[in-house]
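K.L.:
Each residue of the sequence shown is one higher than the one before, counting from 1 in the numbering used here.
My structure is below; once you've seen it, I'll send some questions.
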Amino acid sequence: MQAIEALLTRRSARTLKDPAPDDGALALILESATRAPDHGRLRPWRFIVIRGHSRAKYGELLAEHLRRSRSTVTEEALQRERNKAFRAPLIVVAAAIVDPEGKIPVIEQVLSAGAAAQNILLASRVLGFNAVWKTGTAAYDGTVKAAFGLASKDSIVGFIYVGTEDEGPDMPRPAWRDFAKEWEE
1 MQAIEALLTR RSARTLKDPA PDDGALALIL ESATRAPDHG RLRPWRFIVI RGHSRAKYGE
61 LLAEHLRRSR STVTEEALQR ERNKAFRAPL IVVAAAIVDP EGKIPVIEQV LSAGAAAQNI
121 LLASRVLGFN AVWKTGTAAY DGTVKAAFGL ASKDSIVGFI YVGTEDEGPD MPRPAWRDFA
181 KEWEE
């Protein structure tokens, strides 16, 4: 697949199933992620891979976050939260390990991790898989961050769900012209 084709056909998958990328494909996907722009060569990205039985542990982490963040929660809501871990056979937690005291602004460090996450989406597509980028309030929670070995200063930029897409209808895309304009003197 040509790069421009990957860019123009990329879409967030609705449903993902097995097979997930094997170890070789995952290595290519993550190597692609590390090619993201990186002002100051800080390499702020970290990737936590969740697959197999680890997804149940991730589901419990999401359910516990929901329990802590809401005053009342039903068992049905907790189960829906647990089930999010099984949206795909592989999940990559994309994070930014930031240095707030450094010369590179924190926003640029987080944007670098965001660019790495986008590279994961594109590399997955090129290799015949698809992915969807999710966040939610759990991505901003200190306890969730700590469970992944991250500090409170760090950012989870996304939970990237990766697998094989069940084909579905493509969503219409807006025209690029609706988002661009010439800057005039």
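Backbone N, C-alpha and C fix where the C-beta goes; we use that ideal spot for every residue, glycine too.
Hey, could you find the ends of the beta strand (DSSP E) G128 is sitting in?
P.N.:
Counting from 1 along the sequence shown, the entry for residue 128 is found at position 128. Where G128 is concerned, there is no enclosing beta strand (DSSP E), because DSSP gives it neither an H nor an E.
K.L.:
At 4 residues or longer, and completely inside the region 11-40: list those alpha helix (DSSP H) runs for me, N to C.
P.N.:
23-33
K.L.:
Which same chain residues, not among the five before or five after A131, have their C-beta less than 7 Å away from its C-beta?
P.N.:
Counting from one through the sequence shown, the residue named residue 131 turns up at place 131. If we look at A131 and ignore the five residues flanking it on each side, its Cβ neighbours are A13, I120, L121, S124, I160, Y161 and V162.
K.L.:
Per DSSP, Y161 forms a beta bridge with which residues?
P.N.:
To locate residue 161, count along the sequence shown from 1; it is residue 161. Per DSSP, I91 and V132.
K.L.:
Please identify the residue among V110, R87 and A94 whose C-alpha is closest to the C-alpha of H39.
P.N.:
Numbered from its first residue, the sequence shown carries residue 39 at position 39. Here the closest residue by C-alpha is V110.
K.L.:
Is the Cβ-Cβ distance between R46 and I97 less than 8 Å?
P.N.:
One-based indexing of the sequence shown puts residue 46 at position 46. One-based indexing of the sequence shown puts residue 97 at position 97. Taking 8 Å as the cut-off, the beta carbon of R46 is found closer than this to the beta carbon of I97.
K.L.:
Among E185, S112 and V144, which one has its Cα closest to the Cα of P37?
P.N.:
Indexing the sequence shown from 1 puts residue 37 at position 37. Nearest C-alpha to P37: S112.
K.L.:
Does A53 pass the burial test, meaning 16 or more other C-beta atoms within 10 Å, or should it be called exposed?
P.N.:
Your numbering for residue 53 matches position 53 in the sequence shown. In the sequence as displayed, the identity of residue 53 is His instead of Ala. The residue in question, H53, is exposed, as its Cβ has fewer than 16 Cβ neighbours within 10 Å.
K.L.:
Would you check whether the ligand NAD has a heavy atom nearer than 7 Å to the C-beta of S112?
P.N.:
This structure does not include the ligand NAD; it has no bound ligands of any sort.
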